[in-house]
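Contents: one structure, followed by commentary.
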Amino acid sequence: DLPLTDRERNFLAYWDSLHAGYDVPERSRILPENLGPCLGWLHLLEVLDDGGDFLYRVHGTEASALTSTRYHLKRVSEAREPFRSRGFKLYGLAAAQAQPVFLCESEDFGESGHRTFSRVVVPFGSPGSKGPSHLLALLTNRVSPESQDTVVIGQPFA
């Protein structure tokens with residue numbers, strides 16, 4: 392079993408409820424009021440160039456404060472390393488597979504040490520789009536490492 396937090400489980404359950412009957416749920420079905428505890432930790436990304444890049448439409452305030460990054464209306468290609476390569480890896484998998492992706496890894500923050508974050512990314516579509524047009528990513532700050540670096544595609548963790 393993967394070490395999902397309650398917030399991550401609830402986030403996946405919400406996506407799964409929107410997914411019913413759709414290959415990829417439509418972005419218009421997202422209701423922010425149903426994501427209450429997650430809102431500050433979410434990123435909404437637009438898939439550009441068939442997954443060649445991604446545009447942060449929304450970059451959650453809690454996540455921005457924790458990671459000291461502000462990417463609102465910036466492309467993943469504009470992010471500094473290691474965020475750029477991690478973003479392409481994670482968001483690229485979610486867009487290509489059109490399935491949820493879970494990533495848990497330790498990140499080096501220099502003098503302040505390592506922190507372990509996990510991210511759950513789920514795909515959404517738009518009317519007439521082939522494949523995901525948007526991704527919704529939930530960031531979780533883990534107080535201590537709960538697993539080795541892990542990537543899972545699909546929903547064996549739901």
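Numbering of the sequence shown is given in our numbering, commencing with residue 392 and proceeding in unit increments. Ideal Cβ positions, reconstructed from N, Cα and C, are used throughout, including at glycine.
Note down the Cα distance separating Leu395 from Asn532, rounded to an integer number of angstroms. 12 Å
Expressed to the nearest angstrom, what Euclidean distance is found between the alpha-carbon atoms of Phe474 and Ser408? 30 Å
Pro423 versus Glu472: straight-line alpha-carbon distance, rounded: 30 Å
For Arg466, the nearest candidate out of His434, Val492 and Cys429 (CA to CA): His434
For the putative contact between Gly431 and Glu453, defined by C-beta atoms under 8 Å, what is the C-beta separation to the nearest angstrom? 3 Å
Between which two residues does the beta strand (DSSP E) holding Glu437 run? Leu433 to Leu439
Ends of the alpha helix (DSSP H) at Asp397? Asp397 to His410
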